[in-house]
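J.: For the sequence shown, our numbering begins at -9 and goes up steadily by one. Even for Gly, the Cβ is constructed at its ideal location relative to N, Cα and C.
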Amino acid sequence: MPKEDALTYSTIPLGFGFVFLVSAIYSFVKIESRSVVHLIILIIAVVFGSFSFHGLLGFAHHYLDLMVLSSYPR
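1. Can you check which of these residues, M57, L54 and H44, is closest to F8 by C-alpha distance?
2. Drop a sphere of 10 angstroms on the beta-carbon of S23, count the other beta-carbons inside from all chains shown, and report buried for 16 or more, exposed for fewer.
3. For a test of the three-state rule: what should DSSP assign to I21, helix, strand or coil?
4. Exposed or buried, G39, counting other C-beta atoms within 10 Å across all chains shown (16 or more means buried)?
5. Do you know how far the Cα of I33 is from the Cα of L59?
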């Protein structure tokens, strides 16, 4: 499998992680009686969700570099 294909396929779980992060934050906002357990779970979701967000940003940065660098003659 080429490196670019592997990189593209690896973004699928990152996308799911980002969607779950957004849904966790939305669910936390909708909860009326928050407890300490809710806050702990939200902190864990934000920590792991930020990994997904940074991974997606890295993927976008990689492909932007490929697009920009490929337009310059070598």
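T.: In terms of the structure at hand:
1. Here residue 8 corresponds to residue number 18 of the sequence shown, with the count starting at 1. Checked all of M57, L54 and H44; the closest Cα to F8 is H44.
2. Numbered from its first residue, the sequence shown carries residue 23 at position 33. Counting Cβ neighbours within 10 Å, S23 comes out exposed, since fewer than 16 surround it.
3. As a first step, residue 21 is located in the sequence shown; it is residue number 31 there, counting from the start. Here I21 carries a coil assignment [DSSP, helix/strand/coil].
4. For this step, residue 39 is matched to residue 49 along the sequence shown. When all chains shown are included, G39 counts as buried.
5. In the sequence shown, counting from the first residue as 1, residue 59 sits at position 69. In the sequence shown, counting from the first residue as 1, residue 33 sits at position 43. Separation of L59 and I33 (C-alpha to C-alpha, rounded to the nearest whole angstrom) is 38 Å.
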